[in-house]
Amino acid sequence: MVYSAYTVGMEFTSIPTDKWEWHPSPLPSQITLVTSRGADGALDLAPKSCLAVMAFDPLTVGFACNRGHTTYQNIVRTGEFVVNVLPEGLAPLAWAIIAFQGQERIDASGLTFLESKRVAVPRIAECTAHLECEFDDAVAFESGEAFVYGRVLAADILSEAVGAGERGYRLLDPCFYLDGGWAGMGAAKRPEA
11 MVYSAYTVGM EFTSIPTDKW EWHPSPLPSQ ITLVTSRGAD GALDLAPKSC
61 LAVMAFDPLT VGFACNRGHT TYQNIVRTGE FVVNVLPEGL APLAWAIIAF
111 QGQERIDASG LTFLESKRVA VPRIAECTAH LECEFDDAVA FESGEAFVYG
161 RVLAADILSE AVGAGERGYR LLDPCFYLDG GWAGMGAAKR PEA
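For the sequence shown, the numbering used here gives the first residue as 11, with consecutive numbering after it.
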């Protein structure tokens with residue numbers, strides 16, 4: 011098979027190294043809802059993107075977070091969090107709830123919280139997959155941000171998506187942050203054999 015780069019011969023423009031100034035962003039990132047609990051047991055809910063798998067064995071995920079945010083403080087203090095995979099149909103909710111804090115945000119979300127299997131932090135029933143995590147470490151940056159790492163202790167996914175091939179991704183319906191908005195994943199493709 012012959013591959014041709016469609017960008018060969020095209021011009022490129024320099025962009026700033028400040029991601030907030032990228033229009034469009036060349037790095038879309040998956041939108042998730044992270045749940046955590048404070049030392050007092052209060053539940054917190056926060057939309058997060060910039061999520062990545064950091065290691066496969068043991069499975070470790072991480073996400074960017076401001077160190078001043080409740081989510082970061084909760085995770086560092088209690089050592090647990092859940093990454094809930096937000097389906098595209100609920101993407102507007104991620105923007106709607108940021109106007110609220112604490113219990114008001116929980117109430118405004120209208121979401122259903124389920125007991126987790128391995129951590130004291132609940133999962134979100136309306137989400138299509140969940141990663142129950144134990145805090146491992148955080149790398150702090152001068153900007154006040156940090157990249158939070160957590161070891162995945164338990165994971166679940168919509169049963170109907172398991173073994174469903176490309177249809178499984180349609181059922182998971184992940185969404186991605188794009189320059190102040192979002193987009194769905196579109197059709198999953200596999201290389202030809």
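Where is the CB? At the ideal position from N, CA and C, for every residue including glycine.
Compute the Euclidean distance between the alpha carbons of residue i and residue j, then round it to the nearest angstrom.
i, j, result
"K58", "C75", "8 Å"
"V44", "T88", "14 Å"
"E31", "G175", "37 Å"
"V92", "A52", "14 Å"
"D114", "T81", "A small fix is needed here, since residue 114 is Glu in this sequence, not Asp. Their backbone Cα atoms lie some 15 Å apart in a straight line."
"S35", "F186", "11 Å"
"A193", "E170", "23 Å"
"E144", "Q40", "20 Å"
"L168", "M20", "43 Å"
"L188", "C60", "11 Å"
What three-state label does DSSP hand residue i in the structure shown?
i, result
"S169", "helix"
"R115", "helix"
"P184", "strand"
"R87", "helix"
"W260", "Coverage of the chain is limited to positions 11 through 203, which leaves residue 260 absent and any answer about it impossible."
"Y159", "strand"
"L55", "strand"
"L121", "coil"
"T27", "coil"
"E21", "coil"
"L100", "helix"
Between which residues of its own chain and residue i is the CB-CB distance below 7 Å, once the five residues before and five after are set aside?
i, result
"E125", "P132"
Taking 8 Å as the limit between beta carbons, can you name the residues of its chain near residue i, skipping five residues before and five after?
i, result
"G154", "N76, R77, G78"
"R200", "E176"
"A62", "V71, G72, F73"
Count the other C-beta atoms from every protein chain shown that fall within 10 angstroms of the C-beta of residue i, then say buried if there are 16 or more, exposed otherwise.
i, result
"S46", "buried"
"A197", "exposed"
"V18", "exposed"
"W105", "exposed"
"A135", "exposed"
"H140", "buried"
"S24", "exposed"
"Y16", "exposed"
"T42", "buried"
"V129", "buried"
I'd like the list of long-range same chain contacts for residue i, defined as Cβ closer than 6 Å, with 5 residues on each side in sequence excluded.
i, result
"F157", "G72, A74, V149"
"L69", "V162"
Would you please state the rounded distance, in angstroms, between the beta carbons of residue i and residue j? I believe it to be under 8 Å.
i, j, result
"L55", "I108", "Wrong, their Cβ atoms sit about 10 Å apart, outside the cutoff."
"T138", "P97", "5 Å"
"D183", "G99", "6 Å"
Report yes if the C-beta of residue i is less than 7 Å from at least one heavy atom of the ligand SAH; otherwise report no.
i, result
"G194", "Among the components of this structure there are no ligands whatsoever, and the ligand SAH is therefore not found."
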